[in-house]
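Accompanying notes for the structure given below.
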Amino acid sequence: MKKIIVLLVMMTVVLALGACGDNKEEAENKVKETEKESATFLKTISTSDFKQKMSNKNTGFVYVGRPTCADCQAFQPILKKELETRQLEEPLAYYNTDKASEKSREDMTALLKKMGIESVPTLVYLKEGKVASTYEATDEPEKLTDWMNKASGEVKE
Numbered sequence: 001m002k003k004i005i006v007l008l009v010m011m012t013v014v015l016a017l018g019a020c021g022d023n024k025e026e027a028e029n030k031v032k033e034t035e036k037e038s039a040t041f042l043k044t045i046s047t048s049d050f051k052q053k054m055s056n057k058n059t060g061f062v063y064v065g066r067p068t069c070a071d072c073q074a075f076q077p078i079l080k081k082e083l084e085t086r087q088l089e090e091p092l093a094y095y096n097t098d099k100a101s102e103k104s105r106e107d108m109t110a111l112l113k114k115m116g117i118e119s120v121p122t123l124v125y126l127k128e129g130k131v132a133s134t135y136e137a138t139d140e141p142e143k144l145t146d147w148m149n150k151a152s153g154e155v156k157e
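First residue of the sequence shown? That's 1 in the UniProt record's numbering, and the numbers climb one at a time after it.
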């Protein structure tokens, strides 16, 4: 009887480990897919690029996210669709926190803290180099459209 119980426990562990391996591979594939897709409509910027936008008093949107974030993976197609309707002249600036963290986690966290960004995905609207508005992304396209219109002044509140 003990042998049967031990055998069942071992089989359960093996199955569980196998499932974890599949999930890890699936997650890695999703990250690669998200990175590949982002390159079609976003322009990755570094921490220094982001700071330069602010010091140059640029106006415009910046997407803050990372390909390893499940919420970012879900939001990215919504963002892409919204940007397609806006027909922007150039790709949207994308502050990839994974890449920024690789270069300098300290600089990245200091910049995000300065802007009041606590989570991703978030969109930032800079007006003359200052954070005029932020949007913590949801899965509701209408909210994104409304926020982008209001932030950019296309619709008066």
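Beta carbons are placed, not taken as given, at the ideal position from N, Cα and C, and that holds for glycine. Only a predicted model underlies this, so the values are computations on that prediction, with no experimental measurement involved.
inquiry  = Buried or exposed for MET108, going by 16 or more other Cβ atoms inside 10 Å?
reply    = buried
key: Minimum C-alpha distance to ALA106 - residue among THR47, LEU79, THR34   = Rather than Ala, the amino acid found at residue 106 in this sequence is Glu. It is THR47 whose Cα lies nearest to the Cα of GLU106.
inquiry  = Assuming contact is defined by CB atoms lying nearer than 8 angstroms, are LEU42 and PRO91 in contact in what I supplied?
reply    = yes
ask   = By DSSP, does ILE45 sit in helix, in strand, or in coil?
value = strand
ask   = When the Cα of ASN56 is compared with those of LYS130, MET115, THR138, which residue comes out closest?
value = LYS130
request  = Give the DSSP bridge partners of residue 160, in chain order.
outcome  = The displayed coordinates of the chain run from 1 to 157. Any statement about residue 160 would go beyond what the structure contains.
message = Whole angstroms are fine: how far does the CA of ASP71 sit from the CA of GLU26?
response = 16 angstroms
task = Tell whether a beta-carbon distance below 8 angstroms holds between LYS53 and LEU126.
result = yes
Cα-Cα separation between GLU140 and TRP147, rounded to whole angstroms = Whole-angstrom Cα-Cα distance: 11 angstroms.
Integer-rounded CB distance, given that THR68 should sit under 8 angstroms from ASP98 = 6 angstroms
inquiry  = Buried or exposed for GLY65, going by 16 or more other Cβ atoms inside 10 Å?
reply    = GLY65 comes out buried.
key: First through last residue of the alpha helix (DSSP H) which encompasses THR134   = No alpha helix (DSSP H) holds THR134; the beta strand (DSSP E) holding it covers 130-136.
ask   = Does the separation of the CB atoms of ILE117 and THR134 fall below 8 angstroms?
value = yes
message = On the DSSP bridge list, what partners appear for LEU126?
response = GLY60, VAL131
key: Alpha-carbon to alpha-carbon, MET1 and VAL31   = So the alpha carbons of these two residues sit roughly 45 angstroms apart.
inquiry  = Once the 5 residues before and after THR59 are set aside, which same chain residues still bring their CB inside 7 angstroms of it?
reply    = LEU126, LYS127, GLU128
message = With a threshold of 7 angstroms on Cβ separation, who are the neighbours of GLU136 within its own chain once the five nearest residues in sequence on each side are excluded?
response = SER119, THR122
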